[in-house]
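Visitor:
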Amino acid sequence: MVSRLSTGILDFDKLIQGGIPQGFFIALTGEPGTGKTIFSLHFIAKGLRDGDPCIYVTTEESRDSIIRQAKQFNWDFEEYIEKKLIIIDALMKEKEDQWSLVNLTPEELVNKVIEAKQKLGYGKARLVIDSVSALFLDKPAMARKISYYLKRVLNKWNFTIYATSQYAITTSQAFGFGVEHVADGIIRFRRMIRNGELHRYILIEKMRQTDHDKHVWEIDIVNGKGIVLKGRLEERREDYTLPEKVKRKIIESGKKTEEELK
Ligand SMILES: Nc1ncnc2c1ncn2[C@@H]1O[C@H](COP(=O)(O)OP(=O)(O)OP(=O)(O)O)[C@@H](O)[C@H]1O
Ligand SMILES: [Mg+2]
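Per the working numbering, numbering of the sequence shown is gapless, rising by one per residue and ending at 1592.
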């Protein structure tokens, strides 16, 4: 039987047969502000409650910012620091200490994560890399290779891993598509303006060894609580993407302009 880890969001666990299969490498992808970091904090908070060693690598926010954000959902990370939780500051360099990275390279990151794991002790552990895209910002072609390296090496250390990855706002193209191919699961975060209001959505695009839900779910981020599943979208995909005919017209007119420019 597949052993699974709760995401810390009970309603979400129900969509994936109880949780993330232990040892999996999960990609959380989506535009800025869609909830990837907060979804990751749920995973860590749950791990801490269960007594699992937890490691959080942050590249876009400082260590203090992560702790403050967690506190807003009533998770006190500070009391676990160095005992069950290590937050590796991989970019912000607010404080240079044992758990900050001088250079953000895949090798340095892996070494620091292993050092942290050794400090926290044996057993199954949870790891968040937020974001993995920071490792290949200047070399998107390396995304797949780097992701594969992380997965292969860290797997030996009994980790279940979340790796957040950003989408370019304009194209919705994954920043270096590689993460998704290497990942055992993909959770896609989206945002949309409807009736002049921001809405956020979540979709399980892939989860190996799991009979997972295939609907788009609207989510809410609630102060003091975190991510809440509001309900699933009943619309077909066509209802919230452009109709084929319109898309074709856009492409054709684009081609025309190109020809005219020649
Ligand atoms: N205490 C809070 N209560 C309610 N909503 C909050 C609270 N804190 C943050 N949010 C919401 O969560 C959003 C940020 O979510 P999150 O940091 O998880 O996004 P992200 O997908 O990680 O974005 P990025 O790719 O930029 O890191 C904020 O824009 C805000 O709307
Ligand atoms: Mg984030």
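Note that CB positions come from ideal geometry on N, CA and C, so glycine has one too.
Please list the terminal residues of the continuous beta strand (DSSP E) segment that includes Q1448.
Guide: It is not in any beta strand (DSSP E) - Q1448 instead sits in the alpha helix (DSSP H) that spans P1436 to L1450.
Visitor: How far does the beta strand (DSSP E) with T1359 in it reach, from first residue to last?
Guide: Looking at the DSSP string, the run of the beta strand (DSSP E) that includes T1359 is F1355 to G1360.
Visitor: By the three-class DSSP mapping on this structure, what secondary structure does A1513 have?
Guide: Three-state result, A1513: coil.
Visitor: In terms of DSSP beta bridges, what is H1529 paired with?
Guide: Partner(s): M1522.
Visitor: Which stretch, first to last residue, makes up the beta strand (DSSP E) that contains L1457?
Guide: Per DSSP, L1457 belongs to the beta strand (DSSP E) from A1455 to D1460.
Visitor: Return the chain-ordered ranges of every alpha helix (DSSP H) run that is complete within the region 1375 to 1426 and spans a minimum of 4 residues.
Guide: If we require 4 residues or more, the alpha helix (DSSP H) runs fully inside the region 1375 to 1426 come out as 1393 to 1401.
Visitor: Does ligand 2 have even one heavy atom less than 6 Å from the beta-carbon of T1367?
Guide: Within the cutoff, so yes.
Visitor: Take the Cβ of A1471 as the centre, count every other Cβ of all protein chains shown within 10 Å, and call the residue buried at 16 or more, exposed below.
Guide: By the neighbour-count rule (16 or more Cβ atoms within 10 Å), A1471 is not buried but exposed.
Visitor: Check for me: the beta strand (DSSP E) holding R1562 runs from which residue to which?
Guide: Looking at the DSSP string, the run of the beta strand (DSSP E) that includes R1562 is G1556 to R1562.
Visitor: Kindly examine ligand 1 and report whether one of its heavy atoms sits closer than 6 Å to the Cβ of I1551.
Guide: The answer is yes for I1551.
Visitor: Assess contact between the region 1385 to 1396 and the region 1515 to 1522, defined as three or more Cβ pairs (one per stretch) separated by less than 8 Å. Is contact present?
Guide: No, the region 1385 to 1396 is not in contact with the region 1515 to 1522.
Visitor: On the DSSP bridge assignment, give the partners of V1483 in chain order.
Guide: According to DSSP, V1483 bridges with nothing at all.
Visitor: Quick test of your reading: K1454 and N1488, contact by CB under 8 Å. State the CB separation rounded to the nearest angstrom.
Guide: K1454 to N1488, Cβ: 5 Å. Contact.
Visitor: Within the same chain, show all residues whose beta-carbon is closer than 6 Å to that of I1459, passing over the 5 residues directly before and after it, in chain order.
Guide: Cβ neighbours of I1459 beyond the five flanking positions: V1387 and A1493.
Visitor: Kindly indicate which three-state DSSP category L1467 falls into: helix, strand or coil?
Guide: Note: L1467 maps to coil in three-state DSSP.
Visitor: Give the single residue among V1552, R1379, K1481 and Y1478 whose Cα lies nearest to the Cα of H1529.
Guide: Checked all of V1552, R1379, K1481 and Y1478; the closest Cα to H1529 is V1552.
Visitor: For the alpha helix (DSSP H) containing D1341, name the first residue and the last one.
Guide: D1341 -> alpha helix (DSSP H) spans L1340 to D1343.
Visitor: Tell me whether G1338 is buried or exposed, calling it buried when 16 or more other Cβ atoms sit within 10 Å of its Cβ.
Guide: By the 10 Å Cβ count, G1338 comes out buried.
Visitor: Looking at Q1352: is its Cβ nearer than 7 Å to the Cβ of S1370?
Guide: No. Outside cutoff.
Visitor: Tell me whether Q1402 counts as near ligand 1, meaning its Cβ is closer than 6 Å to at least one heavy atom of that ligand.
Guide: At least one heavy atom of ligand 1 is nearer than 6 Å to the Cβ of Q1402, so yes.
Visitor: Excluding the five sequence neighbours on either side, which residues of its own chain have a C-beta within less than 6 Å of the C-beta of K1477, listed in chain order?
Guide: Here residue 1477 is Ser; the residue named in the question, Lys, does not match the sequence. Cβ neighbours of S1477 beyond the five flanking positions: G1508, V1509 and V1512.
Visitor: Identify which residue in G1561, Q1448 and K1555 has its Cα closest to the Cα of Q1402.
Guide: Considering only alpha carbons, the answer is K1555.
Visitor: Ligand 1 and G1363: does the residue's C-beta get closer than 6 Å to at least one heavy atom of that ligand?
Guide: G1363: yes, Cβ under 6 Å from ligand 1.
Visitor: Reducing DSSP to helix, strand and coil, say where R1538 ends up.
Guide: The answer is coil: DSSP assigns R1538 none of H, G, I, E or B.
Visitor: Given a threshold of 16 other Cβ atoms within 10 Å of its Cβ, counted over all protein chains shown, does I1374 qualify as buried or as exposed?
Guide: Counting Cβ neighbours within 10 Å, I1374 comes out buried, since at least 16 surround it.
Visitor: I'd like the span of the beta strand (DSSP E) that includes Y1492, first residue to last.
Guide: Segment F1489 to Q1496, the beta strand (DSSP E) holding Y1492.
Visitor: Among all the DSSP beta bridges, which residues are the ones paired with R1334?
Guide: Per DSSP, P1351.
Visitor: What residues in its chain sit with their C-beta under 7 Å from that of G1451, if we drop five residues either side in the sequence?
Guide: Here the set comprises P1383.
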